[in-house]
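Quick note on numbering that gives the first Met the number 0: the sequence shown kicks off at 0 and runs consecutively. Notes follow once the structure below has been shown.
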Amino acid sequence: MKKLILISSVIAASFLGMKTEAATLDTSCNGVYKKWNTNSVTFRASSVGFPSGNDYRTALGHVITQFNKNPSKIRFSMQYDDTSVGMNNGQNEVWWSSSISAPAVAYTWSSCSWFFGWTNKITEADIVFKNTVNYTPGVEYGIRGRAEDMIPYGGAERPFKTTALHEFGHGAGLGHENGRYSIMGQDWDHIHRNYVYALAYMGEDANYGLRQLYGNNAGNVQDVGLVHWKYSGASGAYSSHIRTKLYNTSGVELPYTTVNGERRYNVSKGQQVRMELTYENNGESGQAPTIYYYVSTNNFISTADTLIASTSFALQPEGSVYTSTRTVTIPSTLNSGQNYFLGGLLDPNNTIAEVEESNNATYIPIRVN
């Protein structure tokens, strides 16, 4: 005998589920994770909300590209020009609406069934964006958007791509996360920046959850990343994030001035400081990358900058996300009264073959007293 239970769920502002080691997964079907029973899922975008030539259509394509860099087997594809969208119609669709209260909502339908074992199969996923939210598509520089326009960097616009990745995470079976830095938490400041660009990406926590659901990708997908954001606590079902900091050797945060939404720390020549950054392994196997630390005259951290320290340590893709401090010395050759940037660069010699090479470096602004 086969038992079938149809389940619909809405994931926007809250989620109840069981905590795993990393990403929260839905186990409401007798402890069985909710997931697709295929590794290839197609979504259809509304012709009204995502017409040809529209920036949000381009951005949606970039979101699918970023999602598909995850190290699990699940892959999404996007079709466009859907002229009739609606919920629970047997199609996975994406559109805009004014009738939702959250910035975006993922609706999923699943069947909980038993036939010589329980299965919890997603049968449909629909993603709706609120059309009155002040979004930025972030397509000015291809897959990356101009950071100054965005809320986490002093702008007024919510990054569309981070929100969309969060909702597509729900569409794959992930729930909200409030225990670590995660796209499935507060998504708008789960973001990578180096120079003027800001990159939306899935991150270690969500990727670990996808690997739990769908297994490792046979293509040996690897990626390490470095960001100047960190987990700061739980806000209901969501993780909250703040910028990483600069401390003195006693662990006290240094004095700073806020400039364009960023803390610029006051330092002295020859001073030892502890630079805090978040290190991620977004891939499917352990890595031990070299990390170079630099001082730069601009916020584009690269091997062309002045090297001030180096180290290496193991990064495991376990979803825990590693935030740590490194003691570095401010060079005595810097000019007093000038602004600089401390930065880190993972895998500077490109030893690891990565699916995303643009998320390996980031910075913290400083000013020399």
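Ideal Cβ placement from N, Cα and C applies to all residues, glycine included.
Same chain, Cβ closer than 8 Å to residue i, five either side skipped, listed in chain order
i           : result
residue 157 : 102, 132, 133, 134, 135, 149, 150, 187
residue 309 : 289, 290, 291, 292
residue 314 : 223, 278, 279, 280, 285, 286, 287, 288, 321
residue 254 : 264, 265
Whole-angstrom distance between residue j and residue i, CA atom to CA atom
i           : j           : result
residue 69  : residue 341 : 29 Å
residue 139 : residue 145 : 7 Å
residue 329 : residue 363 : 13 Å
residue 100 : residue 129 : 8 Å
residue 335 : residue 263 : 15 Å
residue 223 : residue 278 : 8 Å
residue 306 : residue 209 : 37 Å
residue 110 : residue 118 : 8 Å
residue 368 : residue 357 : 32 Å
residue 350 : residue 197 : 24 Å
residue 180 : residue 49  : 30 Å
residue 51  : residue 245 : 45 Å
residue 59  : residue 78  : 11 Å
residue 220 : residue 353 : 7 Å
residue 333 : residue 296 : 10 Å
residue 169 : residue 25  : 10 Å
residue 183 : residue 155 : 22 Å
residue 54  : residue 189 : 22 Å
residue 212 : residue 366 : 46 Å
residue 218 : residue 64  : 16 Å
residue 359 : residue 121 : 34 Å
residue 46  : residue 275 : 45 Å
residue 23  : residue 216 : 20 Å
residue 97  : residue 185 : 22 Å
Cβ neighbours of residue i in the same chain (closer than 6 Å, five flanking residues each side left out)
i           : result
residue 269 : 331
residue 206 : 69, 70, 281
residue 125 : 86, 92, 106
residue 355 : 68, 222
residue 241 : 231
residue 267 : 368
residue 61  : 142
residue 40  : 75
Nearest candidate by alpha-carbon position, reference residue i, set the options
i           : options            : result
residue 361 : 316, 298, 349      : 298
residue 82  : 71, 185, 94        : 94
residue 36  : 301, 48, 72, 44    : 72
residue 195 : 271, 243, 300      : 300
residue 214 : 229, 180, 142, 38  : 38
residue 160 : 191, 175, 283      : 191
residue 44  : 80, 27, 64         : 80
residue 324 : 226, 106, 285, 154 : 226
residue 29  : 42, 116, 53        : 116
residue 302 : 275, 266, 98, 348  : 348
residue 317 : 283, 295, 296      : 283
residue 57  : 31, 108, 143, 121  : 143
residue 174 : 304, 241, 204, 42  : 204
residue 294 : 338, 251, 276      : 338
residue 33  : 171, 84, 240       : 171
residue 162 : 193, 42, 137       : 137
residue 319 : 178, 42, 84        : 178
Cut-off 7 Å between Cβ atoms - residues of its own chain near residue i, not counting five sequence neighbours on either side
i           : result
residue 66  : 75, 164, 167, 201
residue 311 : 287, 288, 289, 290
residue 89  : 123
residue 271 : 248, 326, 328
residue 31  : 117, 118, 119
Query raised in the report: Taking three-plus beta-carbon pairs below 8 Å as touching, is the stretch 285–305 in contact with the stretch 246–259?
Result: With the cut-off at 8 Å, the stretch 285–305 and the stretch 246–259 do not touch.
Report task. Spell out a yes or no on whether the stretch 342–359 and the stretch 230–238 are touching, meaning 3 or more CB-CB pairs, one atom from each, closer than 8 Å. Result -> Taking 8 Å as the limit for Cβ pairs, the verdict is that the stretch 230–238 does not touch the stretch 342–359.
Report task. Please list the segments of the beta strand (DSSP E) lying wholly inside the stretch 143–192, counting only runs of 3 or more residues, in order along the chain. Result -> Entirely contained in the stretch 143–192, not one beta strand (DSSP E) run reaches 3 residues.
Report task. Could you pull out every unbroken beta strand (DSSP E) segment of at least 3 residues lying fully inside the stretch 270–297, listed in chain order? Result -> Counting whole runs of 3 or more residues, the stretch 270–297 contains the beta strand (DSSP E) stretches 271–280, 289–295.
Query - Every unbroken beta strand (DSSP E) within the stretch 52–121, with a cutoff of 3 residues, ordered by chain - result: Qualifying beta strand (DSSP E) stretches, in chain order: 74–81, 92–96, 103–113.
Query raised in the report: Where in the stretch 289–342 do unbroken runs of the beta strand (DSSP E), each at least 3 residues long, occur, reported from the N-terminal end onward?
Result: 289–295, 305–311, 321–328, all fully within the stretch 289–342.
**Report entry** alpha helix (DSSP H) runs wholly inside the stretch 182–250, at least 4 long, in chain order
**Finding:** Listed in chain order, they are 202–213.
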